[in-house]
Amino acid sequence: MTEDNLMALANTYYLPPQELRETFDLDTFDGVRWLRLLMMEMPTVGNMAGWCASCKNIESHRSTCYRCDGPLVCFDEAYWSDVGTKIKAAVQNDHALIRRVKAEAKAFRFDRQTLYIPSVLAWVRDEWDQAVTPEGRPFDPITQYKGANCVHDFRELGFTDEEIVDLFAEREQLPDGPVKIKRRDYAGISGKVLREMRDRAIASIGHVPASLTSVPELWRTMAWVKEQRENPLARLNGERPRAKRAHGLKSSS
Numbered sequence: 062m063t064e065d066n067l068m069a070l071a072n073t074y075y076l077p078p079q080e081l082r083e084t085f086d087l088d089t090f091d092g093v094r095w096l097r098l099l100m101m102e103m104p105t106v107g108n109m110a111g112w113c114a115s116c117k118n119i120e121s122h123r124s125t126c127y128r129c130d131g132p133l134v135c136f137d138e139a140y141w142s143d144v145g146t147k148i149k150a151a152v153q154n155d156h157a158l159i160r161r162v163k164a165e166a167k168a169f170r171f172d173r174q175t176l177y178i179p180s181v182l183a184w185v186r187d188e189w190d191q192a193v194t195p196e197g198r199p200f201d202p203i204t205q206y207k208g209a210n211c212v213h214d215f216r217e218l219g220f221t222d223e224e225i226v227d228l229f230a231e232r233e234q235l236p237d238g239p240v241k242i243k244r245r246d247y248a249g250i251s252g253k254v255l256r257e258m259r260d261r262a263i264a265s266i267g268h269v270p271a272s273l274t275s276v277p278e279l280w281r282t283m284a285w286v287k288e289q290r291e292n293p294l295a296r297l298n299g300e301r302p303r304a305k306r307a308h309g310l311k312s313s314s
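Below, the structure written as structure tokens:
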């Protein structure tokens, strides 16, 4: 893992507002999606004028859609009150929701963004400010991305997924010289260098994540990261890697 990997992580996670505007139908949003949109993905939405139900375009100040010149659904007090009802229902259904979303926002440093919260949703901001980190080890999306970047780097060197997992799970004692264990040769890299590569990767990630301890977990994480990077709606749904089936995104080797 290098600093370039981490920069790529930041750039591929976050999508700018104009892409979000073209992607979402706000009529379909439940409280979970609205909470994530307001507090993480598009914190300026609370300062927008409204959106076009036809073009799915969010306008910052115009009274009509700049694409079709049609009328906007105004983001007025009544609109935000309905949004608040959806968020309240989601929070009542999942009492740890705000804490979890805030922990994710903090992991991505989205907590440093300026939030534009409509006055009718002041209670959301209050609960957000008071929310504490969930007990135990909360879900850390950054670790998932780092693990996926690590897998990508090792695959590029010619490692199979089985070799990556064996290396990080330390299932084999590696000699200093050439490594040949059954049919695995770890891309022809010496055991000494392999250990150094593994130690650097673990130091960068912080620990050995579950995604590097079994091939099915590796595939789940790679599938999850790909969808998170390509589909902002998946991010707004708050899906976890465990929800992905252990297939796909296998090594091409």
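Under my numbering, the first residue of the sequence shown is numbered 62, with each subsequent residue one higher.
The C-beta atom is built at its ideal place from N, Cα and C for all residues, glycine as well.
Sequence-distant residues of its chain with Cβ nearer than 7 Å to residue i (five each side left out)
| i | result |
| --- | --- |
| C116 | C126, R128 and C129 |
| L297 | R94, R97, L98 and E102 |
| P239 | S251 |
| I119 | R82, V106, M109 and W112 |
| P132 | T125 |
| H122 | A110 |
| R259 | L228 and F229 |
Identity of the residue in the options nearest residue i by Cα
| i | options | result |
| --- | --- | --- |
| G111 | A271, I159 and F136 | F136 |
| K287 | P202, F220 and T146 | P202 |
| E102 | E165, A139, R123 and N118 | E165 |
| V193 | T204, N108, Q205 and K163 | K163 |
| V269 | Y206, G107 and G249 | Y206 |
| P195 | T175, L158, R261 and L182 | L158 |
| T204 | F215, E223, T105 and I263 | I263 |
| T282 | M258, A168 and V212 | V212 |
| V106 | V254, L182 and T146 | L182 |
| W280 | K241, I225 and R244 | I225 |
| D246 | D227, G131 and H156 | D227 |
| T146 | W184, R256 and E257 | W184 |
| H156 | A139, A168 and W189 | W189 |
Check whether residue i and residue j have beta carbons under 8 Å apart
| i | j | result |
| --- | --- | --- |
| I178 | R170 | no |
| L273 | G252 | no |
| R160 | F200 | no |
| A151 | D86 | no |
| E278 | A284 | no |
| V276 | E223 | yes |
| A320 | F229 | Given that the chain is displayed from residue 62 to residue 314, the structure contains no residue 320 and the question cannot be resolved. |
| M100 | L218 | no |
| A114 | V144 | no |
| Q174 | P104 | yes |
| I266 | G208 | yes |
Beta-carbon contacts of residue i that lie in its chain and below 6 Å, excluding the five residues immediately before and after
| i | result |
| --- | --- |
| E300 | none |
| S142 | V181 |
| R244 | none |
Contact set for residue i: own chain, Cβ-Cβ below 8 Å, skip 5 residues either direction
| i | result |
| --- | --- |
| S314 | The pLDDT assigned to S314 is 41, lower than 50, so where the model puts this residue is not dependable; a value taken from the coordinates is nonetheless given after this. Correct list, in chain order: R216, G219, F220 and T221. |
| D237 | S251, G252 and K253 |
- Query: What are the complete beta strand (DSSP E) segments, minimum 3 residues, inside the segment 86-164?
  - Reply: DSSP assignment within the segment 86-164 yields the following whole beta strand (DSSP E) runs of 3 residues or more, N-terminal first: 111-113 and 118-120.
- Query: Whole alpha helix (DSSP H) runs in the segment 177-256 with 4 or more residues, listed along the chain?
  - Reply: If only uninterrupted alpha helix (DSSP H) runs of at least 4 residues are considered, those enclosed by the segment 177-256 are 183-191, 202-217 and 222-230.
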